[in-house]
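Contents: one structure, followed by commentary.
Written out as structure tokens, the structure is:
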């Protein structure tokens, strides 16, 4: 590598010897993948969204509040509390990402022939649920209006040039090898993100496990399944509760199992009690114990 640091990350030093060896023992993300599944009770989340919407007058699409937005906000706060999750491996070295960016696919319309557009959004650790929702909905509206994102626009240029894809990939891999890939390209590539989301529940599908991409440097892939109900007994009373299934694929080289476990617990608790998302980060950290 020509440079130790990158435009999107700072190299992490002072690791424990075994942790520093892991990228040499497991060279690829999928070789290093671990899988996590959690059924999350969303009754409180849905009640929170309903109460929030009742306090608002009719809003444009950009200001809609959704369960997906709540999940994104909980993931954002989790990553802010556990910044080691926002790391990636490049050429067997560990990097702390400089930005908090989430990517997801937007289907332009519910038509088999409609294009899928990648949306990539930059967040700040202290963004509120309202701010997160506005950013998400603005990205969705832009994708559906234009039918392509920055990455697709750039790719289309090279797609039309004979041999353009091979030339572009070879050149980009060369620049990436020496940590000199330009920010202008990394900024719009959705696979250079903190987390990549697939909201399959929005099209009525259950959540599968998804592989990590060797291209880019995304270390976490989260798949959200469709809502379902379960019958539960409380004090001899039968109730029906609504759940979603969330499945994660993680690159285990970025952090140890204790960090993953603590972060998963915090994420679950925030979705189970969305009022926590209204707290400043310091107060949220104390509330989660």
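Numbering (our numbering), first residue to last: 998 to 1286. Using N, Cα and C, we set each Cβ at its ideal position, and we do this for glycine too.
Taking 4 residues as the shortest admissible run, the stretch 1144-1226 contains the following complete alpha helix (DSSP H) segments, listed from N- to C-terminal end: 1147-1156, 1161-1174 and 1180-1183. Bounds of the beta strand (DSSP E) holding residue 1248 are 1234-1248. In the displayed model, residue 1028 falls within coil according to three-state DSSP, outside both helix and strand. Secondary structure of residue 1007 (DSSP, three-state): strand.
Taking a contact to require three or more Cβ pairs closer than 8 Å, the stretch 1114-1128 and the stretch 1239-1248 do not qualify as touching.
One Cα belongs to residue 1203, the other to residue 1036, and the distance between them is close to 12 Å. In the three-state reduction of the DSSP assignment, residue 1084 falls in the strand class. Cβ neighbours of residue 1098 within its own chain (closer than 8 Å, five residues either side excluded): 1117, 1118, 1119, 1120, 1189, 1190 and 1191. Looking at the DSSP output, residue 1097 bridges to 1120. Close CB contacts of residue 1092 within its chain, under the 7 Å cut and outside five residues either way in sequence, are with 1003, 1006, 1007, 1008, 1009, 1084 and 1085 (chain order).
Within its own chain, the residues whose Cβ lies closer than 8 Å to the Cβ of residue 1237, once the five positions on either side in sequence are excluded, are 1226, 1227, 1228 and 1229, listed in chain order.
Looking only at 1129, 1193 and 1200, the smallest Cα-Cα distance to residue 1213 is reached by 1193. For residue 1020, the uninterrupted alpha helix (DSSP H) segment begins and ends at 1014-1022. The C-alpha of residue 1048 is placed about 20 Å away from the C-alpha of residue 1133. Secondary structure of residue 1251 (DSSP, three-state): coil. DSSP places residue 1091 within a strand segment (E or B) once states are collapsed to three. The C-alpha of residue 1248 is placed about 13 Å away from the C-alpha of residue 1016. Residue 1215 and residue 1045 have their C-alpha atoms spaced approximately 31 Å apart. Nearest in C-alpha terms to residue 1201, of all of 1221, 1183 and 1186, is 1221. Short of 8 Å from the beta carbon of residue 1077, and not among the five residues preceding or following it, lie these beta carbons of its own chain, in chain order: 1097, 1122, 1123 and 1278. Boundaries of the alpha helix (DSSP H) harbouring residue 1065: 1064-1078, taken from the DSSP string. For residue 1137, the three-state secondary structure derived from DSSP is helix. From the listed residues 1075, 1163 and 1069, the smallest Cα separation to residue 1257 is found for 1075. Rounded to whole angstroms, the gap between the alpha carbons of residue 1246 and residue 1205 is 10 Å.
DSSP places residue 1278 inside the alpha helix (DSSP H), whose first and last residues are 1278-1285.
Going by beta carbons, residue 1073 and residue 1129 fall inside the 8 Å limit.
Going by C-alpha positions, residue 1275 is about 39 Å away from residue 1023. Short of 7 Å from the beta carbon of residue 1029, and not among the five residues preceding or following it, lie these beta carbons of its own chain, in chain order: 1023, 1248, 1249 and 1250.
Per DSSP, reduced to three states, the secondary structure at residue 1037 is strand. In terms of Cα proximity to residue 1067, the closest of 1218, 1082 and 1043 is 1043.
With a threshold of 16 other beta carbon atoms within 10 Å, residue 1186 meets it and is buried.
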